[in-house]
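Student: Quick one: this structure, given as structure tokens, is what I'll be asking you about.
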Amino acid sequence: MSRRHVLLVTFPAQGHINPSLQFAKRLIDMGIEVTFATSLYARRRMEKTAARDLPKGLSFAAFSDGYDDGFTMSDDPRKYMTEIRSRGAKTLKDTALSAAEQGRPVTCLIYTLLLPWASEVAREVNIPSALLWIQPATVLDIYYYYFNGYADEIIASSNDPSWKLQLPGLPILLSKRDLPSFMLPNCSERYSFALTTFKEQLEALDVETKPKVLVNTFDSLESNALKAIDKYELIGVGPLIPSAFLGGKDPSDTSFGGDLFQKSDDYIEWLNSKPESSVVYVSFGSLLRLPKAQMEEIAKGLLDSSRPFLWVIRDNEKANEEKKEDDERLSCMEELEKVGRIVPWCSQLEVLTHPSLGCFVTHCGWNSTLES
Numbered sequence: 001m002s003r004r005h006v007l008l009v010t011f012p013a014q015g016h017i018n019p020s021l022q023f024a025k026r027l028i029d030m031g032i033e034v035t036f037a038t039s040l041y042a043r044r045r046m047e048k049t050a051a052r053d054l055p056k057g058l059s060f061a062a063f064s065d066g067y068d069d070g071f072t073m074s075d076d077p078r079k080y081m082t083e084i085r086s087r088g089a090k091t092l093k094d095t096a097l098s099a100a101e102q103g104r105p106v107t108c109l110i111y112t113l114l115l116p117w118a119s120e121v122a123r124e125v126n127i128p129s130a131l132l133w134i135q136p137a138t139v140l141d142i143y144y145y146y147f148n149g150y151a152d153e154i155i156a157s158s159n160d161p162s163w164k165l166q167l168p169g170l171p172i173l174l175s176k177r178d179l180p181s182f183m184l185p186n187c188s189e190r191y192s193f194a195l196t197t198f199k200e201q202l203e204a205l206d207v208e209t210k211p212k213v214l215v216n217t218f219d220s221l222e223s224n225a226l227k228a229i230d231k232y233e234l235i236g237v238g239p240l241i242p243s244a245f246l247g248g249k250d251p252s253d254t255s256f257g258g259d260l261f262q263k264s265d266d267y268i269e270w271l272n273s274k275p276e277s278s279v280v281y282v283s284f285g286s287l288l289r290l291p292k293a294q295m296e297e298i299a300k301g302l303l304d305s306s307r308p309f310l311w312v313i314r315d316n317e318k319a320n321e322e323k324k325e326d327d328e329r330l331s332c333m334e335e336l337e338k339v340g341r342i343v344p345w346c347s348q349l350e351v352l353t354h355p356s357l358g359c360f361v362t363h364c365g366w367n368s369t370l371e372s
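Position one of the sequence shown corresponds to residue 1 (my numbering), numbered consecutively onward.
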């Protein structure tokens, strides 16, 4: 019998790559070969920032998403989703067929959300598939019931400040602020594509009988949410963080190993110089870019706190970004640099486990929540 071989297809964003790579490591520990597939741009960036050798049993397959120099916030997301589907589907099919010819057939295709077409590829080549859901199980439940009978109520009632929503299987009442913003009326047109993509994802699952969804959560945290959709088999596989920070099974596994951004190399030394529980760490993930006015308010708050801080502000990587660097420079930058440290990227797990850390100001992304 040939060795089990998983083709793990990952949307090329940091918040998808981190948990996917950690999941790949766990599969490898079980003796399963993993081919990690993502966009050409993401793979190139990962190679530049790699700090350690690849685990034995892990290989990579890159595909063009039509944006080989990277996707920027000024690009059209709808066009991007069309391009990644049309280009990625062909490459994945060829990858699976080639692996079979080499005597290492893919025995399962696992894909992250925003890539519903990957399940179609799996069916074309007669391979079972599963969705790796990198968000909480509760969020999947919300999407499912939105598209299965609750959309009208949400749209009609969301302007009522006292409105509460009870979804099947969930013990908590949800309010407007608990829902993804693009479910609500008056959502920015820029994000309207997301709702369509999630609908396509659920439709892809509905083609299968009792489809398996691997969720980055665990039973003791979301036991009800994992059982709230009868048609799906939700399986908690999280938290997907390096094992050195989760029981210590592999002390050398201290990073995800797939950074898309080059991290600074001096912030740990700076943290080492600070008293225990004194540092404010500010990071809003890999995608969010705040308006300058909000950045100025945060800067003022940090200065008023009189606490040392480590603030992650990503560099603009494109020369044609809407704003020039001089326009984005904070008005109080000199004062900030006297009190704290501003870096373009860092190892968040290193920071969160450092004894000098006293406070984490976060956008509450699911990965950041699990890591903290």
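Ideal Cβ placement from N, Cα and C applies to all residues, glycine included.
Quick caveat, the model's predicted, so the values are computed rather than measured.
#1: Taking all protein chains shown into account, do 16 or more other C-beta atoms lie within 10 angstroms of the C-beta of glycine 31, making it buried, or fewer, making it exposed?
#2: Under 8 Å between the Cβ atoms of threonine 112 and isoleucine 142?
#3: Are serine 264 and tryptophan 345 close, meaning C-beta to C-beta below 8 Å?
#4: Could you give the distance in angstroms between the alpha-carbon of isoleucine 172 and the alpha-carbon of arginine 3?
#5: Can you tell me where the alpha helix (DSSP H) with tryptophan 366 in it begins and where it stops?
#6: Given that a residue counts as buried once 16 or more other Cβ atoms are within 10 Å of its Cβ, and exposed if not, what is glutamine 166?
#7: I'd like to know whether the C-beta atoms of alanine 62 and serine 39 end up nearer to each other than 8 Å.
#8: If you follow the beta strand (DSSP E) that tyrosine 80 is in, where does it begin and where does it stop?
#9: For histidine 363, count neighbouring C-beta atoms within 10 Å of its own C-beta (all shown protein chains included) and say buried if the count is 16 or more, exposed if not.
#10: If you measure between the beta carbons of proline 128 and alanine 204, is that distance less than 8 Å?
#11: Does histidine 373 come out as helix, strand or coil in the three-state DSSP assignment?
#12: In whole angstroms, give me the CA-to-CA distance for leucine 140 and proline 211.
#13: Buried or exposed for aspartate 259, going by 16 or more other Cβ atoms inside 10 Å?
#14: Identify the residues that DSSP records as bridge partners of glycine 33: which are they?
#15: State the beta-bridge partners of alanine 118 as determined by DSSP.
#16: Since glutamate 334 is in the alpha helix (DSSP H), which residue starts that stretch and which ends it?
#17: Compare the C-alpha of alanine 293 against each of Leu330, Lys79, Gly285 and Val237 and name the closest.
#18: Should the segment 265-275 be regarded as contacting the segment 347-359, the criterion being three or more beta carbon pairs within less than 8 Å?
#19: May I ask you to list the residues that DSSP assigns as paired with threonine 362?
#20: Classify proline 19 as buried or exposed, calling it buried when 16 or more other Cβ atoms lie within 10 Å of its own Cβ.
Tutor: Concretely, from the data shown:
#1: Label assigned to glycine 31: exposed.
#2: Not a contact, by the Cβ cut-off of 8 Å.
#3: Yes, these two residues count as a Cβ contact at 8 Å.
#4: Each residue's Cα considered, the two are about 43 Å apart.
#5: Where tryptophan 366 is concerned, the enclosing alpha helix (DSSP H) stretches over 366-371.
#6: Around the C-beta of glutamine 166, fewer than 16 other C-beta atoms lie within 10 Å, and the residue is accordingly described as exposed.
#7: Contact: yes.
#8: Tyrosine 80 -> not in any beta strand (DSSP E); alpha helix (DSSP H) instead, spanning 77-101.
#9: With fewer than 16 other Cβ atoms within 10 Å, it is exposed.
#10: Contact: no.
#11: The displayed coordinates of the chain run from 1 to 372. Any statement about residue 373 would go beyond what the structure contains.
#12: The straight-line gap from Cα to Cα measures roughly 14 Å.
#13: Residue environment analysis places aspartate 259 among the buried positions, since at least 16 neighbouring C-beta atoms fall within 10 angstroms of its C-beta.
#14: According to the sequence as given, residue 33 is glutamate; it is not glycine. The secondary-structure analysis by DSSP pairs glutamate 33 across a beta bridge with His5.
#15: DSSP output for alanine 118 lists no bridge partner at all.
#16: In this chain, the alpha helix (DSSP H) harbouring glutamate 334 covers 333-339.
#17: Residue Leu330 holds the alpha-carbon nearest to the alpha-carbon of alanine 293 among Leu330, Lys79, Gly285 and Val237.
#18: The count of Cβ pairs closer than 8 Å, one atom from the segment 265-275 and one from the segment 347-359, reaches three, so the stretches are in contact.
#19: Under DSSP, threonine 362 takes part in a beta bridge, and its partners are Ser283.
#20: When all chains shown are included, proline 19 counts as buried.
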